[in-house]
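Residue numbers (my numbering), protein chains in the order written: chain V, 1125 to 1240; chain H, 247 to 361. Worksheet: one structure, shown below.
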């Protein structure tokens, strides 16, 4: 069965609004979760590493004030795209690692964000 | 530093014929290597992983990959393609940033399976 649950699977929002994406670890407690972004016909790009109880670690070039990450519990991480613009339209995927590990291995089904 | 190169952006095979998806990696130490499959608008599913055990790794759905250190390759194969194998495939190498593992993705290979 699924290890990672991501919600919503698809969202359309207006420019300037904020959107929250949830990522839940179903089978185990995850101290570390990862957020990726995928543009059409391209590979996945790591955006940030979400750490339970502490600040997320963002990759170079990713705006932390635009992509807010909260990892308040061992089973839930959220990504909020603030003041969304059409160029934020993309496929966002979260992942969690193995038990006791801190490398991403199990992926959610992704969220297709369309900003109009 | 780690990197991964998928040599073909698009592979087309006929149903029932063998599949070969090529991947070369670069790593300053013994890497962990993975193959993932992604169907349209879906997340990624792990096909198989190599973590310094047996060099020939068997995965799900009849796929397997062989780790060849001398060639720095980790090609994915399947003896007989099925229509349901049509998808995007990613070769991935693990890297490290501080004490957190990171996955470094190849650019992906689109597998087309013709009837």
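Backbone N, C-alpha and C fix where the C-beta goes; we use that ideal spot for every residue, glycine too.
Using the C-alpha atoms, what's the distance from residue j back to residue i?
i: residue 352(H); j: residue 1169(V); result: 10 Å
i: residue 1136(V); j: residue 1237(V); result: 6 Å
i: residue 1159(V); j: residue 1202(V); result: 9 Å
i: residue 1156(V); j: residue 361(H); result: 43 Å
i: residue 293(H); j: residue 1142(V); result: 35 Å
i: residue 1162(V); j: residue 1217(V); result: 8 Å
i: residue 1196(V); j: residue 304(H); result: 37 Å
i: residue 1194(V); j: residue 1182(V); result: 12 Å
i: residue 312(H); j: residue 1132(V); result: 37 Å
i: residue 1231(V); j: residue 1130(V); result: 9 Å
i: residue 1215(V); j: residue 336(H); result: 16 Å
i: residue 262(H); j: residue 300(H); result: 27 Å
Does residue i come within less than 8 Å of chain H when only Cβ atoms are used?
i: residue 1231(V); result: yes
i: residue 1185(V); result: no
i: residue 1234(V); result: yes
i: residue 1217(V); result: yes
Let's see if you can read the secondary structure: which residues bound the beta strand (DSSP E) around residue i?
i: residue 1175(V); result: 1168-1175
i: residue 256(H); result: 256-260
i: residue 250(H); result: 249-252
i: residue 319(H); result: 319-324
i: residue 1163(V); result: Counting along the chain, residue 1163(V) falls outside any beta strand (DSSP E), and DSSP gives it neither H nor E.
i: residue 1145(V); result: 1143-1149
i: residue 300(H); result: Note, residue 300(H): premise wrong, no beta strand (DSSP E); not H, not E.
i: residue 1196(V); result: 1191-1197
i: residue 1202(V); result: 1200-1205
i: residue 306(H); result: No beta strand (DSSP E) holds residue 306(H); DSSP gives it neither H nor E.
Closest by CA to residue i, which one among the options?
i: residue 332(H); options: 249(H), 253(H), 266(H), 247(H); result: 266(H)
i: residue 288(H); options: 1239(V), 1234(V), 1149(V); result: 1234(V)
i: residue 348(H); options: 323(H), 251(H), 257(H), 280(H); result: 280(H)
i: residue 297(H); options: 285(H), 284(H), 314(H); result: 314(H)
Consider the Cβ of residue i: report whether some Cβ of chain V lies at a distance smaller than 8 Å.
i: residue 292(H); result: yes
i: residue 248(H); result: no
i: residue 353(H); result: yes
- Any residues in the stretch 300-328 of chain H with a beta carbon nearer than 7 Å to a beta carbon of chain V? Which ones, in chain order? none
* Interfacial residues, the stretch 272-289 of chain H to chain V, with Cβ spacing under 9 Å -> 278, 280, 282, 284, 287, 288, 289
**OP:** Using a Cβ-Cβ cut-off of less than 9 Å, give me the residues of the stretch 1152-1169 of chain V that come near chain H, in sequence order.
**Re:** 1156, 1158, 1160, 1162, 1165, 1166, 1167, 1168, 1169
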